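Under UniProt numbering, the first residue of the sequence shown is numbered 1, with each subsequent residue one higher. One structure is given here, and the rest of the page talks about it.
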Amino acid sequence: MSNNTYRVLVVCMGNICRSPSAEAVLRAKAAEKGINLEVDSAGTIGYHQGEKPDSRAQAAAEARGYSFFGIRARQVRARDFEYFDQILVADRANLRDLQAICPAEYQNKLALYLSYSPCSISEIPDPYYGGLNGFENVLDLIEEATECLLKRI
1 MSNNTYRVLV VCMGNICRSP SAEAVLRAKA AEKGINLEVD SAGTIGYHQG EKPDSRAQAA
61 AEARGYSFFG IRARQVRARD FEYFDQILVA DRANLRDLQA ICPAEYQNKL ALYLSYSPCS
121 ISEIPDPYYG GLNGFENVLD LIEEATECLL KRI
C-alpha cells in the first residue's frame, strides 16, 4: 500500500452493535500492524443517530482491549460511496439495501465483511435481541475476518 490512507466504512442496520464493533477492531488491528487506515461505521437506518454503541457490544469489545472512543451512530450518506475505498457490510439484507442506493460506478466497493474470513459463515449475525454470547460470537467473527482483510490491504 502507498502512503495514502485507505478508507473503510463498515455498515450494519442500526450502527450500534456490529458495525461499531468492527470499526473498533479494524482500527485497533490496523494500528497494531502500522497500516494507514481510516475507519468509520454507519447504519442503513438512522434510528439511533448520534447514540453511543450498545452497552453490551462495548462491554464485550472493551474486555478484549478495543476502544469505542468517539464512535456514534449515523446513517450511510450518499457521499460515503465516493469517499470510502471499501464498504464492508454485516449481512446480505443490508448489502441489498446499499446496492439499491449506491451509484453504479461504486458498486464494486461493496462487499460482505466476512467475505474476507476463511470460515463458512458469510454474515455477521445481529446480536441485538440475544444474550452476551451473541456479542462474543460477533467479535470472534470480526476478528478473524479483520486479520485476513488487513493482509490484503
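C-beta: ideal position from N, C-alpha, C; glycine also. Bear in mind the structure is a predicted one, so any value in this text is a computation, not a measurement.
Residue-level contact to chain D via CB, residue i, 8 Å cutoff
i: Glu38; result: In the structure shown, chain D does not exist; there is a single protein chain.
Residue i - DSSP class collapsed to helix/strand/coil
i: Gly43; result: strand
i: Val138; result: helix
i: Val10; result: strand
i: Ser2; result: Only weak support is given to the placement of Ser2: the predicted model assigns it a pLDDT of 46, under 50, and the value that follows is read from those uncertain coordinates. Residue state, collapsed to three classes: coil.
Same chain, Cβ closer than 6 Å to residue i, neighbours up to 5 away in sequence not counted
i: Tyr116; result: Ala145, Cys148, Leu149
i: Phe68; result: Ala24, Pro53, Gln58
Which listed residue (the options) has its alpha carbon closest to that of residue i
i: Val8; options: His48, Glu82, Ser122; result: Glu82
i: Phe135; options: Ile121, Leu98, Ala61, Leu114; result: Ala61
i: Ala22; options: Arg152, Lys33, Leu112, Asp85; result: Leu112
i: Tyr106; options: Ile142, Ser67, Gln86, Glu32; result: Gln86
i: Asn133; options: Ala24, Ala100, Ala59; result: Ala59
i: Gly65; options: Val25, Asn4, Glu123, Ala78; result: Val25
Close beta carbons around residue i, own chain, < 7 Å, minus the five adjacent residues each side
i: Asp140; result: none
i: residue 217; result: Residue 217 cannot be examined here, being either before or after the span of the chain that is shown, 1 to 153.
Status (buried if at least 16 other CB within 10 Å, exposed otherwise) for residue i
i: Ile121; result: exposed
i: Ser19; result: buried
i: Ser41; result: buried
i: Ile142; result: buried
i: Pro103; result: exposed
i: Pro53; result: buried
i: Arg27; result: buried
i: Pro127; result: buried
DSSP bridge partner residues for residue i (one or two, in chain order)
i: Ile87; result: Leu9, Leu110
i: Gln75; result: Gly43
i: Glu38; result: Arg7
Proximal residues to residue i (C-beta, below 8 Å), its chain only, five neighbours per side dropped
i: Met1; result: Any answer about Met1 is weak, because its pLDDT of 42 lies below 50 and its placement is not dependable; what the coordinates show is given next. Taken in chain order, the residues that qualify are Ile35, Asn36, Ile153.
i: residue 155; result: Missing from the structure shown is residue 155; the chain here goes from 1 to 153 and no further.
i: Tyr6; result: Ile35, Asn36, Leu37, Glu38, Asp85, Gln86, Ile153
i: Glu123; result: Ala90, Asp91, Arg92, Leu112, Leu114
i: Pro118; result: Glu144, Cys148
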